[in-house]
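Chains A and B are the protein sequences, given in the same order.
Per full-length UniProt numbering: the first sequence = residues 1 to 323.
Per full-length UniProt numbering: the second sequence = residues 1 to 417.
Glycine is no exception: its CB is placed at the ideal position from the N, C-alpha and C atoms.
Accompanying notes for the structure given below.
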Amino acid sequence: MAHDVTTGVPASPSAPAGGGAGARAEGTPGRGRRGGHWTAWAFLAPIVIYLLAFYAYPLYRNLDLSLRHYTVRSFVQGDAPFSGFDNYRDVFADPAFGPALLHTLTFTVVSIAFQFAIGLALAVFFAQNFRLSATLRALFLVPWLLPLIVSASTWTWMLNSDSGIVNHALELIHVDPVNWLTSPDWALTSVIIANVWIGIPFNLVVLYSGLQAIPAEVHEAASIDGANGWQRFWRVTFPLLRPVSAITLLLGLVYTLKVFDLIWIMTKGGPADASITFATWSYRFSFGSLLPEFGPGAAVGNLLIVMALFFGLLYIRFQRRQA
Amino acid sequence: MTTTRGRLRAAAALVISACLLAGCSKGSEPGASGTGAAGGDYTIWDPYPQFDDGSDWVKLLTRCGTDAGVTVKRTGYDTTDLTNKALLAAQQSNSPDVLIVDNPVVSTLADAGVLTTTDELKVDTAAVEPNLLAAGRIGGKTYGIPIGANTLALYYNKKILDGAKVDPAAIKDWASLTAALEKVKATGKKGITFSAIGTEEGSFQFLPWFWGSGAGLTQLDSAQGVAALELWNGWLKNGHAPNSVLNNTQTTSWQEFAAGDFAFSENGTWQLANAEKTGFEYGIIPIPSQAGGTAPAPTGGEFVTAPVQTETGRYPVTEKLIACLSSADNAFTTDTTLSYIAATEAVQQKQVAANPQLAVWVEAVKAAKGRTSDDLGTKYPKISQPLWTAFQAALSGSASPAEALKTAQTTAAAATK
Numbered sequence: 001m002a003h004d005v006t007t008g009v010p011a012s013p014s015a016p017a018g019g020g021a022g023a024r025a026e027g028t029p030g031r032g033r034r035g036g037h038w039t040a041w042a043f044l045a046p047i048v049i050y051l052l053a054f055y056a057y058p059l060y061r062n063l064d065l066s067l068r069h070y071t072v073r074s075f076v077q078g079d080a081p082f083s084g085f086d087n088y089r090d091v092f093a094d095p096a097f098g099p100a101l102l103h104t105l106t107f108t109v110v111s112i113a114f115q116f117a118i119g120l121a122l123a124v125f126f127a128q129n130f131r132l133s134a135t136l137r138a139l140f141l142v143p144w145l146l147p148l149i150v151s152a153s154t155w156t157w158m159l160n161s162d163s164g165i166v167n168h169a170l171e172l173i174h175v176d177p178v179n180w181l182t183s184p185d186w187a188l189t190s191v192i193i194a195n196v197w198i199g200i201p202f203n204l205v206v207l208y209s210g211l212q213a214i215p216a217e218v219h220e221a222a223s224i225d226g227a228n229g230w231q232r233f234w235r236v237t238f239p240l241l242r243p244v245s246a247i248t249l250l251l252g253l254v255y256t257l258k259v260f261d262l263i264w265i266m267t268k269g270g271p272a273d274a275s276i277t278f279a280t281w282s283y284r285f286s287f288g289s290l291l292p293e294f295g296p297g298a299a300v301g302n303l304l305i306v307m308a309l310f311f312g313l314l315y316i317r318f319q320r321r322q323a
Numbered sequence: 001m002t003t004t005r006g007r008l009r010a011a012a013a014l015v016i017s018a019c020l021l022a023g024c025s026k027g028s029e030p031g032a033s034g035t036g037a038a039g040g041d042y043t044i045w046d047p048y049p050q051f052d053d054g055s056d057w058v059k060l061l062t063r064c065g066t067d068a069g070v071t072v073k074r075t076g077y078d079t080t081d082l083t084n085k086a087l088l089a090a091q092q093s094n095s096p097d098v099l100i101v102d103n104p105v106v107s108t109l110a111d112a113g114v115l116t117t118t119d120e121l122k123v124d125t126a127a128v129e130p131n132l133l134a135a136g137r138i139g140g141k142t143y144g145i146p147i148g149a150n151t152l153a154l155y156y157n158k159k160i161l162d163g164a165k166v167d168p169a170a171i172k173d174w175a176s177l178t179a180a181l182e183k184v185k186a187t188g189k190k191g192i193t194f195s196a197i198g199t200e201e202g203s204f205q206f207l208p209w210f211w212g213s214g215a216g217l218t219q220l221d222s223a224q225g226v227a228a229l230e231l232w233n234g235w236l237k238n239g240h241a242p243n244s245v246l247n248n249t250q251t252t253s254w255q256e257f258a259a260g261d262f263a264f265s266e267n268g269t270w271q272l273a274n275a276e277k278t279g280f281e282y283g284i285i286p287i288p289s290q291a292g293g294t295a296p297a298p299t300g301g302e303f304v305t306a307p308v309q310t311e312t313g314r315y316p317v318t319e320k321l322i323a324c325l326s327s328a329d330n331a332f333t334t335d336t337t338l339s340y341i342a343a344t345e346a347v348q349q350k351q352v353a354a355n356p357q358l359a360v361w362v363e364a365v366k367a368a369k370g371r372t373s374d375d376l377g378t379k380y381p382k383i384s385q386p387l388w389t390a391f392q393a394a395l396s397g398s399a400s401p402a403e404a405l406k407t408a409q410t411t412a413a414a415a416t417k
């Protein structure tokens, strides 16, 4: 994001200005040029103001929050002392840091792996265009269309230890009930399952459209050369799908890293931090108790941004190598 | 040449737009409305978004405003949202004139310097029960007046207790309660449901047992504290309480009780209206303490407070509004609407006279204790969080009650030192 902005700013004024000034002000080149520039800037102003107000300032504010020692009093009076990296040190030293980092990574990697694998399998399946495939594909979009509060609450009810339908089904096949949301061994798994379910449609849709872009001739040529279905997938479809896969994975990573509502609704990060991630931890610091701790909350939020940025840079590198 | 000029212009534009932005944020004058001393608009924020303009509550606010000769502008926020909204408003110095806020938050806001004292505003708090007022007292100063109170007690399902031959009146201590749960279990029914969720709500529900053992919040891992957690843990282990309590809010735990399978539910005054709708006969007993007698339950309910204003000329009208809301007649109406117990003895008696069922709640409120009382103030939130982490750890089986509370004490001691 930042990359686009910095290169975009000096480049864009010349393009519209040249066209506009050339057409209008032939007699007075000097004045016309200047006027054209101002017009160009006027056109540019909304986006610059927008970026500053909604991206730069909040980011700066979050950074500032994380570098100061805020109490409720200093938050109100705006005189919080600068405390350097104290908040970060506190966060790193917190006993919840290890579990939170581990859960964030597990949650993200496992969710993405399953979402992508299942999404890709379904995309390949639907690419064959059989009868009802459009209807079925539309049905698969349902998890994506539901508001998160609805799907998360539904999962909470289904996974309830005592009255949930999942445990009821397990009972019917004589399997011991599982405390899905209230056992420290299962809580993280439960939220991952719910998140995979929610993420499949996104992967399905993007990968499906990627598959449509692969010309049929390539497949035909491969099958004439005697490649079987499995080989065609791994040697033709998968490599040709690589750019689409990369962006799907990147977007998935960023979405999944910051998943908060689902976990908060289902387990609140509990029991006893068993399903806490950076996103829920940051929220808990800032808003989860009666006494807000904005400093550490912002610090954890910034760690999340750094993680997302890392994957973004990885993607750009990957794209450069492709080009 | 052109490029350097272009860059200069880019920089200039950035600076200008930044100034514009800064201008925008400084430009909006806080509390611009109602500058005149008499008349004008007075803002009130409350945590009752369930009431709309046609409700008795909002009508009362409007009437109080009319009596004081001003127009009242009221906004209802979600409780959890209100603290942050109030802090942000104070930061930008456009606090409401009257803020009605959950009692444990009063000390946080007072600590932030957001609230005026009752002395400053000359609000009369003499009639208020001292145990209720204590939640709003920090360092010898009082920062508001309770509008009413609620607390926790045990609802029971009469049919299930009759079936198990349990006499609710005989439940006086923990041993007799556990014995009753045992009998209920023998008849194939479920024992008790409560909320042990990992939020403030869970701590609120645990405190009657914690305090009922004689434990104090400054020493979480005392033998008494461990005994309280052992009680909850034992209920879960022996199947007297469902495992879902770990994820139950007070509302979901109420739904479990209302379904008719549970003998007991630890719940609040605010469920009284819903209790009538369950379709089975119910009763209410106070939460017993370990040794016998009524355990101190934490007080719920809001305080009417007056945030600090730059324009102190507004205070006399604010005082009139607060006096109107807390006057005996209006308090009776308000507390009936909210299903609360009044904060003054006189109004409590009036409530019991009107509805004898409330007697048990009045008793419970008399025994109740503010979470931020004992001069804990803003230390309470730092103790409450380790506490809920501890009972979540113990009940989910990841630590023993003693270990869990020991960890909690270490965390709490470090956070409050």
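Quick one, which of the options has its alpha-carbon nearest residue i's?
{"i": "residue 279 (chain B)", "options": "B:257, B:68, B:289 and B:294", "result": "B:257"}
{"i": "residue 390 (chain B)", "options": "B:363, B:203 and B:186", "result": "B:203"}
{"i": "residue 246 (chain B)", "options": "B:368, B:98, B:197 and B:162", "result": "B:197"}
{"i": "residue 96 (chain A)", "options": "A:254, A:146, A:297 and A:317", "result": "A:297"}
{"i": "residue 147 (chain B)", "options": "B:379, B:397 and B:305", "result": "B:305"}
{"i": "residue 182 (chain A)", "options": "B:195, B:171 and B:176", "result": "B:195"}
{"i": "residue 325 (chain B)", "options": "B:99, B:50 and B:86", "result": "B:99"}
{"i": "residue 68 (chain B)", "options": "B:116, B:41, B:378 and B:91", "result": "B:41"}
{"i": "residue 268 (chain B)", "options": "B:229, B:338, B:316 and B:232", "result": "B:338"}
{"i": "residue 101 (chain A)", "options": "A:279, A:166, A:270 and A:203", "result": "A:279"}
{"i": "residue 261 (chain B)", "options": "B:159, B:57, B:56 and B:134", "result": "B:159"}
At which residues does the beta strand (DSSP E) containing residue i begin and terminate?
{"i": "residue 352 (chain B)", "result": "Note, residue 352 (chain B): premise wrong, no beta strand (DSSP E); alpha helix (DSSP H) at 345–354."}
{"i": "residue 160 (chain B)", "result": "Taken as a continuous stretch (DSSP letters only), residue 160 (chain B) belongs to no beta strand (DSSP E), being part of the alpha helix (DSSP H) at 158–163."}
{"i": "residue 267 (chain B)", "result": "262–268"}
{"i": "residue 74 (chain B)", "result": "71–76"}
{"i": "residue 282 (chain B)", "result": "282–285"}
Less than 7 Å separating the beta-carbons of residue i and residue j?
{"i": "residue 331 (chain B)", "j": "residue 342 (chain B)", "result": "yes"}
{"i": "residue 289 (chain A)", "j": "residue 385 (chain B)", "result": "yes"}
{"i": "residue 277 (chain A)", "j": "residue 107 (chain A)", "result": "yes"}
{"i": "residue 112 (chain B)", "j": "residue 76 (chain A)", "result": "yes"}
{"i": "residue 256 (chain A)", "j": "residue 118 (chain A)", "result": "no"}
{"i": "residue 282 (chain A)", "j": "residue 300 (chain A)", "result": "yes"}
{"i": "residue 76 (chain B)", "j": "residue 49 (chain B)", "result": "yes"}
Let's see if you can read the secondary structure: which residues bound the alpha helix (DSSP H) around residue i?
{"i": "residue 150 (chain A)", "result": "148–158"}
{"i": "residue 137 (chain A)", "result": "133–140"}
{"i": "residue 205 (chain A)", "result": "187–212"}
{"i": "residue 369 (chain B)", "result": "Where residue 369 (chain B) is concerned, there is no enclosing alpha helix (DSSP H), given that its DSSP letter is neither H nor E."}
{"i": "residue 263 (chain A)", "result": "261–266"}
{"i": "residue 171 (chain B)", "result": "Careful: residue 171 (chain B) lies outside any alpha helix (DSSP H) and carries neither H nor E."}
Residue i versus chain A: which residues are under 8 Å apart at the beta carbon?
{"i": "residue 87 (chain B)", "result": "72, 75, 76 and 292"}
{"i": "residue 113 (chain B)", "result": "73, 76 and 77"}
I want to verify the contact list: residues of chain A whose CB lies under 9 Å from the CB of residue i, in sequence order.
{"i": "residue 275 (chain B)", "result": "Chain A residues near residue 275 (chain B): none, gap ~21 Å exceeds 9 Å."}
Quick one: list the residues of chain B neighbouring residue i, beta-carbon separation under 7 Å, in chain order.
{"i": "residue 179 (chain A)", "result": "243"}
If we define contact as Cβ-Cβ less than 7 Å, is residue i a contact residue for chain B?
{"i": "residue 272 (chain A)", "result": "yes"}
{"i": "residue 184 (chain A)", "result": "yes"}
{"i": "residue 62 (chain A)", "result": "no"}
{"i": "residue 289 (chain A)", "result": "yes"}
{"i": "residue 268 (chain A)", "result": "yes"}
Output yes if chain A places a C-beta closer than 7 Å to the C-beta of residue i; else output no.
{"i": "residue 72 (chain B)", "result": "no"}
{"i": "residue 396 (chain B)", "result": "yes"}
{"i": "residue 393 (chain B)", "result": "yes"}
{"i": "residue 381 (chain B)", "result": "yes"}
{"i": "residue 290 (chain B)", "result": "no"}
{"i": "residue 198 (chain B)", "result": "yes"}
{"i": "residue 142 (chain B)", "result": "no"}
{"i": "residue 104 (chain B)", "result": "yes"}
{"i": "residue 224 (chain B)", "result": "no"}
Report the neighbours of residue i on chain B: residues whose CB is nearer than 8 Å to its CB, in chain order.
{"i": "residue 189 (chain A)", "result": "Those within 8 Å of residue 189 (chain A) in chain B number zero; the least Cβ separation is about 14 Å."}
{"i": "residue 66 (chain A)", "result": "Correct list: empty, because the minimum Cβ distance to chain B is about 17 Å."}
{"i": "residue 160 (chain A)", "result": "244 and 247"}
So which residues on chain A does residue i lean against when the C-beta distance must stay under 7 Å?
{"i": "residue 90 (chain B)", "result": "76"}
{"i": "residue 401 (chain B)", "result": "Under the 7 Å cutoff, chain A gives no residues; its nearest Cβ is about 12 Å from residue 401 (chain B)."}
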